[in-house]
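Let me begin by presenting the structure, written as structure tokens, before commenting on it.
Residue numbers (this note's numbering): 19 to 359.
What follows is the structure in structure tokens.
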């Protein structure tokens, strides 16, 4: 349903995308993972016909997004990192307006707005001004706006950023339903548990290039079995401690955000590696706050692949939307509905 081949994009000396290839099968979810600045949002903007690449091709259901952007837009629903809704309108008015921008007759736009409000459990709030909505309600309404046109492809750029756990879970259930009904989803996210739950396949992108892809379980298996996870009391000695543990089993990885050291067990017995790590720490009088062994998670996979966590790098100018003002929100709504190029 989505085909990307050899996509490149540079901003001066900065190479945002360096020849990205990926495909998304119909009725599945592809999770696009990467740290801030990796190129995820740049790729999303190209697929959504909002940005032209320097080279390469991108197709939505066989339609070239560069040669026929208007036809491609008719197939796409887009929800970005920030809710692009008009606070002065009601929720219902926002959805009806987007429906009209899609070219729907007034009665059909009204009908679909009502359907979306019900689907997102916003019917009771539908006639309230959006400025009275909570952050979670605005995100749900923004997602609803991307569904008014009944797109066959839904592109979601970190849609649950800033949401509370309950609202995130509700959106996950909603996306499961959409995919079950045949919608194809491209999801960028920094929440690796979200990707683990939702994605049929995952593509990891770093510094503009694809560095790994596969089903979540496949990526975990490549990590090489169990992981010994330890947290030292003194963060300043983490690099030294990691180096000291390098001869026990697999090469240790440092999660600087949480102050933890991860030692892949590899072909060794997990209990033997755990015992060896504990003995090494004790012999060197290094205090531990925590020591455990567990199956690898996507966090472990990501750390092993990139050497850092999803939140390590800072946003770049070209890969990460700034919070939009009212004028920018109106422009993005029009772009999403295909009213402007």
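Virtual Cβ for every residue (Gly too), placed ideally from N, Cα, C.
If I'm right that residue 24 touches residue 57 with Cβ under 8 angstroms, what's the distance once you round it to whole angstroms? Between residue 57 and residue 24 the Cβ distance is about 14 angstroms, and since that is not below 8 angstroms, they are no contact.
Report buried or exposed for residue 222, applying the criterion of at least 16 other Cβ atoms within 10 angstroms of its Cβ. buried
Contact defined as beta carbons within less than 8 angstroms: I believe residue 173 pairs with residue 204. What is the distance between those atoms, to the nearest angstrom? 5 angstroms
Per DSSP, cross-strand counterpart(s) of residue 21: 41, 77
Can you tell me where the beta strand (DSSP E) with residue 227 in it begins and where it stops? Counting along the chain, the beta strand (DSSP E) containing residue 227 begins and ends at 227 to 232.
Tell whether a beta-carbon distance below 8 angstroms holds between residue 171 and residue 202. Yes; because the gap between Cβ atoms is below 8 angstroms, this pair is in contact.
Roughly how many angstroms separate the alpha carbons of residue 154 and residue 211, rounded to a whole number? 19 angstroms
Within this structure, are the beta carbons of residue 95 and residue 167 separated by less than 8 angstroms? yes
Quick one: grab the DSSP three-state call for residue 305. Residue state, collapsed to three classes: coil.
Neighbourhood of residue 264 by C-beta, 8 angstroms cutoff - its chain only, sequence neighbours within 5 removed: 270
Environment of residue 324 [buried if 16+ CB atoms lie within 10 Å]: Looking at its Cβ environment, which holds 16 or more other Cβ atoms inside 10 Å, residue 324 is buried.
Residues near residue 69 in its chain [Cβ-Cβ closer than 6 angstroms; skip 5 each side]: 63
Own chain, CB closer than 6 angstroms to residue 21, minus 5 neighbours either side, in chain order: Annotation for residue 21: 41, 77 place their beta carbon closer than 6 angstroms to its own, counting only its chain and skipping 5 residues before and after.
Which residue marks the beginning of the beta strand (DSSP E) containing residue 266, and which one marks its end? Where residue 266 is concerned, there is no enclosing beta strand (DSSP E), given that its DSSP letter is neither H nor E.
Whole angstroms are fine: how far does the CA of residue 81 sit from the CA of residue 29? 26 angstroms
Roughly how far, in whole angstroms, is the beta-carbon of residue 35 from the beta-carbon of residue 226, given that I think they are within contact range, below 8 angstroms? 5 angstroms
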